[in-house]
Amino acid sequence: MLPNQTIQKLIQEIKRISGFDCSIWNEKAECLAMTNVKARPRQADVEELIQQYNSQGKEESTGEESLFLLENAEHFYVLAVAGTDDKAVMAGRFGLSHLESLASMNRNKMDKNRFIQSLLLDNLLLVDIYNQAKRLKIPVLQRRVVFLVEPKNADDNLVLETLKGLFSIGIKDFATSVEERHIILVKALEPTEDYEDIQHMADVIVDTLGMEAMVGVRVSYGTIVEELKDVSRSYKEADMAMEVGRIFYSQRRVLSYRVLGIGRLIHQLPASLCEMFLDEVFEGNAMESFEEEELAAVYTFFENNLNISETARKLYVHRNTLVYRLEKIQKKTGLDVRVFEDAMTFKIALMVEKHMRAMKEKES
Numbered sequence: 234m235l236p237n238q239t240i241q242k243l244i245q246e247i248k249r250i251s252g253f254d255c256s257i258w259n260e261k262a263e264c265l266a267m268t269n270v271k272a273r274p275r276q277a278d279v280e281e282l283i284q285q286y287n288s289q290g291k292e293e294s295t296g297e298e299s300l301f302l303l304e305n306a307e308h309f310y311v312l313a314v315a316g317t318d319d320k321a322v323m324a325g326r327f328g329l330s331h332l333e334s335l336a337s338m339n340r341n342k343m344d345k346n347r348f349i350q351s352l353l354l355d356n357l358l359l360v361d362i363y364n365q366a367k368r369l370k371i372p373v374l375q376r377r378v379v380f381l382v383e384p385k386n387a388d389d390n391l392v393l394e395t396l397k398g399l400f401s402i403g404i405k406d407f408a409t410s411v412e413e414r415h416i417i418l419v420k421a422l423e424p425t426e427d428y429e430d431i432q433h434m435a436d437v438i439v440d441t442l443g444m445e446a447m448v449g450v451r452v453s454y455g456t457i458v459e460e461l462k463d464v465s466r467s468y469k470e471a472d473m474a475m476e477v478g479r480i481f482y483s484q485r486r487v488l489s490y491r492v493l494g495i496g497r498l499i500h501q502l503p504a505s506l507c508e509m510f511l512d513e514v515f516e517g518n519a520m521e522s523f524e525e526e527e528l529a530a531v532y533t534f535f536e537n538n539l540n541i542s543e544t545a546r547k548l549y550v551h552r553n554t555l556v557y558r559l560e561k562i563q564k565k566t567g568l569d570v571r572v573f574e575d576a577m578t579f580k581i582a583l584m585v586e587k588h589m590r591a592m593k594e595k596e597s
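For the sequence shown, the residue numbers in this note's numbering are 234 to 597.
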């Protein structure tokens, strides 16, 4: 079904050119848009034309007004023109031709959207990918990358419209959604564009949506693929980058699958190994006994490269107070985080614990 805005614009254009009021109706004989409420035809006349089309194939009728029917895919449209003379009939036929073009373009757009969604979800055979891409005139051999945009409490349509303004959506690039709260952008790349350019694109998406649409977003992206059939791989990589970032790098607004650090490894560990490691490091559930100020101290300590003086300055505490808090952690775990090896073990354990918590939340 065509958007109401498109239908309203069409009938206003018909009236501007021909001077005749008109309206458009759907297959249920419901009026979708009109130029003048007083000039709309009787609903019964529209219903009668639809019945005659179904039984006799009749596409036009003239009574108190001129009616023209268009069947497009699973939808019917009836264009009603407030007039019965030759000029009104000509205006109606020209209007119907324009309506048919718009409906065909919209159907082609919807076909592309469904194709891209199926492609991303790996729901197509290889032969179907090539056949449908040829029919929809989508290049098969084209460098592409997939971006995943996650808005915070925002309407997906607002994000989509902003992306359309940034990129040539529907021509070379495609934006769609296959799950709630995620917009997927399949971006075509020039031969010279590399990951530095892709990072810049992601930054532009975050900044533009933040400033123009007032929407806070996180953006992730996969690796560059050379063929259309591999787009789903880039999407899965972007999806994994978003999930890893949500667990381990909550402060980052842009996440690259190629730069996930140790978070990538931990994310792929099975639950049994994670539990075994946590039991080894935090024997007796020491993680649950940590106080907030102790965790704040150790996180800041890691951020400042195990520098006692700089960490104390950032926390606005005395050096001895910081040492006391770190020693409390040592008593609970047996790990002295002032020593590099113990610090590394403790940091990995904290990340594994976050991963376990995320898995439990996902299961519940």
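For each residue, glycine too, the CB sits at the ideal point set by N, CA and C.
{"query": "Supposed contact pair S256 and K320 - C-beta distance, whole angstroms, cut 8 Å", "result": "Not a contact, Cβ separation roughly 18 Å."}
{"query": "Nearest-angstrom Cα separation, counted from S465 out to L354", "result": "6 Å"}
{"query": "T409 to L358 span [Cα, whole Å]", "result": "20 Å"}
{"query": "Residue range of the unbroken alpha helix (DSSP H) whose run includes T554", "result": "552-566"}
{"query": "Which of helix, strand or coil DSSP assigns to E260", "result": "coil"}
{"query": "Reference L384; option with closest CA among R414, R546, E543", "result": "At residue 384 the sequence reads Pro, which differs from the Leu that was named. With distances taken between Cα atoms, P384 lies closest to R414."}
{"query": "Closest Cα partner of L303 within the set E292, G296, E513", "result": "E292"}
{"query": "Span separating the alpha-carbon of I438 from that of L418", "result": "11 Å"}
{"query": "Beta-carbon proximity list for V411, same chain, < 7 Å, skipping 5 on both sides", "result": "Q350, L353, L354, I417"}
{"query": "Chain C contact for R451 (CB, 9 Å cutoff)", "result": "Reference to chain C is not applicable here, since this structure consists of a single protein chain."}
{"query": "Cβ-based burial, R451 [other Cβ within 10 Å; buried from 16]", "result": "buried"}
{"query": "Residue nearest to F348 in terms of C-alpha spacing, selected from Q365, N339, E280", "result": "Q365"}
{"query": "Cβ pair F579, V514 closer than 9 Å", "result": "yes"}
{"query": "Own chain, CB closer than 7 Å to D318, minus 5 neighbours either side, in chain order", "result": "none"}
{"query": "Reduced DSSP category for Y454 - H, G, I as helix; E, B as strand; rest coil", "result": "strand"}
{"query": "Residue environment, H433, which counts as buried when at least 16 other CB atoms sit within 10 Å", "result": "exposed"}
{"query": "For L335, the nearest candidate out of L243, C507, Y490, Y482 (CA to CA)", "result": "L243"}
{"query": "C-alpha distance - S294 paired with D344, whole-angstrom precision", "result": "32 Å"}
{"query": "Helix, strand or coil at N305 according to DSSP, with G and I counted as helix", "result": "strand"}
{"query": "Which of helix, strand or coil DSSP assigns to D319", "result": "helix"}
{"query": "Residue of H551, Y549, L555, S489 minimising C-alpha distance to V531", "result": "L555"}
{"query": "Three-state secondary structure (DSSP) of T268", "result": "coil"}
{"query": "First through last residue of the alpha helix (DSSP H) which encompasses Q238", "result": "237-251"}
{"query": "Inter-residue spacing [alpha-carbon to alpha-carbon] between L488 and G496", "result": "12 Å"}
{"query": "Three-state class that DSSP yields for Y310 in the structure shown", "result": "strand"}
{"query": "Best match in D440, H588, N537, Y482 for proximity to A504 [C-alpha to C-alpha]", "result": "H588"}
{"query": "Nonlocal neighbours in the same chain, by C-beta distance under 6 Å from Q241, ignoring five residues either side", "result": "A266"}
{"query": "Element boundaries [beta strand (DSSP E), containing V487]", "result": "487-489"}
{"query": "Minimum C-alpha distance to L422 - residue among G567, V378, A262, N390", "result": "V378"}
{"query": "Simplified DSSP assignment, three categories, for F535", "result": "helix"}
{"query": "The stretch 522-537 contacting the stretch 557-576, beta-carbon criterion three pairs below 8 Å", "result": "yes"}
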